[in-house]
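Let me begin by presenting the structure, written as structure tokens, before commenting on it.
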Amino acid sequence: MSAYQDDDYDLNRIIIRPLYFGLLANIVVPVALLFVCYYINNRGPRPNALGDASDMVFYIFLVLAVAECGLAIWWRTKLFKSPMIRTKETFERDFSDEYLRRSRPLFILIASISIYGYIYFYLTGQFNAAAWFVVGSFLVFQLVRPRHGLVRKLIDHQKQLVEKGQFLQS
């Protein structure tokens, strides 16, 4: 038996779909857009449309990004506390599907952190600042991405809810 296969559940199968969605939303797409910014930056520097206000806008975006980081971490704990299972017989399939469904908005929220960088680049032409927002988005994704230990704990929590008779309402 694999180290990542629980006695009853294949954790790799449960984690793979949300992980791939998260990788696409939080790494592939933001890096591709960052390459577009890099290309634009190398064709000729963009003018700073904000002038002296560019530093203030950077700090405003930074505060918003940190707030989204906190929201993402808090939201992850709240998303998975409610029942995720429809019937005891379909536990693994229900868990896997619901885990993916609940992870998507969380990963999109995290990916939105990088949007501040693209907007800032468009307004100021400062590529390095845009890159930092993309890196920040990636780091937050690393904090909340699916992990085997987390999924094991969630499965145990869902088992307790099923034993209490608490199921996902359609």
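Residue numbers for the sequence shown follow my numbering, beginning at 314 and rising by one.
Built from N, CA and C at the ideal position, the CB exists for glycine as well.
Task: At least three beta-carbon pairs within less than 8 Å, the segment 373-386 to the segment 452-465 - done: yes
Task: Rounded straight-line distance, which links the Cα of A444 to that of F420 - done: Sequence index remark: in the sequence shown, residue 420 carries index 107 (1-based). Sequence index remark: in the sequence shown, residue 444 carries index 131 (1-based). Straight-line Cα distance between these residues: approximately 19 Å.
Open item on the list: Measuring only the C-alpha atoms, how far is K394 from G430?
Closed with: Position 81 of the sequence shown, counting from 1, holds the residue named residue 394. Position 117 of the sequence shown, counting from 1, holds the residue named residue 430. Spanning the two alpha carbons is a distance of roughly 32 Å.
- [ ] Tell me whether I327 is buried or exposed, calling it buried when 16 or more other Cβ atoms sit within 10 Å of its Cβ.
- [x] Translated into the one-based positions of the sequence shown, residue 327 becomes position 14. Buried is the call here.
Task: Three-way DSSP call (helix, strand, coil) for D365 in this model - done: Sequence index remark: in the sequence shown, residue 365 carries index 52 (1-based). D365 falls in the helix class under three-state DSSP.
TODO: Tell me whether I373 is buried or exposed, calling it buried when 16 or more other Cβ atoms sit within 10 Å of its Cβ.
DONE: Working through the sequence shown from its first residue, we reach residue 373 at position 60. Looking at its Cβ environment, which holds fewer than 16 other Cβ atoms inside 10 Å, I373 is exposed.
Open item on the list: Once DSSP output is grouped into helix, strand and coil, what is the label at D321?
Closed with: As a working mapping, residue 321 is identified with position 8 in the sequence shown. If DSSP states are grouped into helix, strand and coil, D321 belongs with coil.
Task: Start-to-end residues for the alpha helix (DSSP H) that takes in L419 - done: Position 106 of the sequence shown holds residue 419. Its alpha helix (DSSP H) spans residues 404-437.
Open item on the list: Could you compute how far the alpha carbon of M369 sits from the alpha carbon of L375?
Closed with: For the purposes of this step, residue 369 is taken as residue 56 along the sequence shown, with counting starting at 1. For the purposes of this step, residue 375 is taken as residue 62 along the sequence shown, with counting starting at 1. Going from the Cα of M369 to the Cα of L375 covers about 10 Å.
TODO: Give the range of the alpha helix (DSSP H) segment to which R465 is assigned.
DONE: For the purposes of this step, residue 465 is taken as residue 152 along the sequence shown, with counting starting at 1. Here the alpha helix (DSSP H) through R465 covers 461-476.
Task: C-beta contact flag for P396 and L481 at 8 Å - done: Walking along the sequence shown from the start, residue 396 turns up at place 83. Walking along the sequence shown from the start, residue 481 turns up at place 168. Yes. Within cutoff.
Open item on the list: Quick check on this structure: which residue in A442, D321, L337 has the alpha carbon closest to the alpha carbon of R417?
Closed with: The residue labelled residue 417 in the question sits at position 104 within the sequence shown. When each option's Cα is compared against that of R417, the closest is L337.
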